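Q:
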Amino acid sequence: MMTAAHEKLEKVRLRLLDLESVLIAYSGGVDSTFLLKVAHDTLNSKAVALTAISPTYPPEEIEEAKRLCNKIGIKQILADSNEMNEPNFASNPPDRCYYCKTELFDICVEKAREEGLSYILDGTNADDELDYRPGRKAAKEHSILSPLKEAGFTKQEIRELSREMGIDTWDKPSFACLSSRFPYGTEITDGRLRIIGDAERFLKTLGFRIFRVRYHDKIARLELGEEDFRKILDLSTKRAIADKFKSLGFTYVTLDIEGYRQGSMNEALNQKKAGG
């Protein structure tokens with residue numbers, strides 16, 4: 000029996016056949032890995048992945064993206080992304096993502112032309128429309144297509160079909176680039192990105208799965224998923240986190256009692272709008 004999700008999958012496959020050849024902006028996340036697998040199964044060598052290498056993405060995420068491409072069997076292009084050289088990105092304005100995506104899609108356009116590929120795709124899904132996404136403007140300007148969104152795929156449906164199809168990322172926690180850890184207006188630097196990367200890497204070694212470390216100058220604000228709240232109640236775990244984070248330069252380590260939520264740095268923007 001064909002479910003609604005399977006019907007959407009068929010729509011994506013037909014869309015890909017119509018496009019004939021595609022370059023996929025590939026981060027290694029749940030959505031883009033699902034799209035990558037479907038595109039490779041549908042178009043074979045006419046589907047190519049492009050992964051941008053940048054200080055805003057931890058090295059282990061890049062290595063995971065490489066591993067997944069190798070497992071799927073798709074050609075992957077690795078390209079340096081230089082958004083850190085763009086003052087409008089590094090100064091971290093509310094539309095920061097627009098400048099990052101502009102850099103990424105400029106690279107994609109160049110590589111698609113070199114590879115003789117007709118269209119550029121990203122892994123945006125229908126749920127992404129619910130959050131503040133200034134990067135969508137850059138996608139529109141570069142004529143980037145989002146077949147998962149076009150088909151109406153939700154995140155949960157992508158996870159369910161990924162599991163059914165044996166895609167490793169079906170239960171991977173959502174990940175956003177490290178620049179999302181900084182309040183708007185706080186300058187993003189290579190050094191600060193390394194600090195956040197080291198802090199989050201340490202939490203992984205302790206068994207935490209769903210979390211963010213938000214940077215507030217000398218304060219590290221931890222957002223944890225519900226199941227991870229229990230872990231931090233352990234005295235030795237709390238001590239280890241405090242010691243590690245202080246060694247990275249933080250003076251205080253705080254726990255956000257609201258826990259992890261996507262786009263929490265946008266809450267300040269929403270409050271400003273509500274206040275007129």
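Each residue of the sequence shown is one higher than the one before, starting from 0 at the first, in numbering that gives the first Met the number 0. Where is the CB? At the ideal position from N, CA and C, for every residue including glycine. Keep in mind it's a predicted model, so treat the numbers as computed, not measured.
Alpha carbon to alpha carbon, how far is S26 from K239? Give it in angstroms, no decimals.
A: Looking at the sequence provided, one finds Ala at residue 239 rather than Lys. A239 and S26: Cα-Cα distance of roughly 31 angstroms.
Q: Entirely within the segment 207-266 and at least 4 residues each: give me those alpha helix (DSSP H) ranges in chain order.
A: Taking only runs of at least 4 residues, the alpha helix (DSSP H) segments lying wholly in the segment 207-266 are 225-231, 234-246.
Q: Tell me the DSSP secondary structure of Y97 in three-state form.
A: It is helical.
Q: Please confirm whether I157 and D30 have their CB atoms less than 7 angstroms apart.
A: Against a cut-off of 7 angstroms, the Cβ pair of D30 and I157 comes out as a contact.
Q: Going straight from the alpha carbon of V37 to that of G151, what length do you get?
A: Taking the straight line from one Cα to the other gives about 16 angstroms.
Q: How about L177 and G196: are their beta carbons less than 7 angstroms apart?
A: Taking 7 angstroms as the Cβ cut-off, L177 and G196 qualify as a contacting pair.
Q: With DSSP collapsed to three states, give me the class of K171.
A: Three-state DSSP puts K171 in coil, outside helix and strand.
Q: For F249 and I218, which I take to be in contact (beta-carbon distance under 8 angstroms), what is that distance rounded to the nearest angstrom?
A: Contact flag correct, Cβ pair sits at about 7 angstroms.
Q: Can you list, in chain order, the residues of its chain with a C-beta nearer than 7 angstroms to that of L16? Leave out the 5 residues immediately preceding and following it.
A: Within the same chain, L16 has close Cβ partners T41.
Q: Using 8 angstroms as the threshold, is the segment 95-110 in touch with the segment 60-74, meaning 3 or more CB pairs across them?
A: Contact between the segment 95-110 and the segment 60-74 is absent, because fewer than three Cβ pairs lie under 8 angstroms.
Q: Secondary structure at L205, three-state DSSP: helix, strand or coil?
A: Coil, per DSSP.
Q: On the DSSP bridge assignment, give the partners of T50 in chain order.
A: DSSP output for T50 lists L77 as bridge partner(s).
Q: Taking DSSP as the reference, what is the three-state secondary structure of E9?
A: Helix, per DSSP.
Q: So K110 and I76 are supposed to be a Cβ contact under 8 angstroms. How far apart are they, rounded?
A: K110 to I76, Cβ: 5 angstroms. Contact.
Q: Output the boundary residues of the beta strand (DSSP E) element that contains A24.
A: That run of the beta strand (DSSP E) goes 21-24.
Q: Under a Cβ-count criterion, where at least 16 other Cβ atoms within 10 Å of its own Cβ denotes burial, should G184 be classed as buried or exposed?
A: G184 is exposed by the Cβ-count criterion.
Q: From S90 to R132, what distance separates their C-alpha atoms?
A: The alpha-carbon atoms of S90 and R132 are separated by roughly 18 angstroms.
Q: So, with DSSP's three-state summary, where would you put I194?
A: Correct three-state label for I194: helix.
Q: I need the DSSP call for I166, collapsed to helix, strand or coil.
A: Note: I166 maps to coil in three-state DSSP.
Q: How should T204 be labelled, buried or exposed, when 16 other C-beta atoms within 10 angstroms of its C-beta is the threshold for buried?
A: Exposed is the call here.
Q: Residues in its own chain within less than 7 angstroms of A292 by CB, not counting five upstream and five downstream?
A: Residue 292 is absent from the model: the chain starts at 0 and stops at 275.
Q: In terms of residues, what are the limits of the beta strand (DSSP E) holding I119?
A: Run containing I119: 118-120, per the beta strand (DSSP E) assignment.
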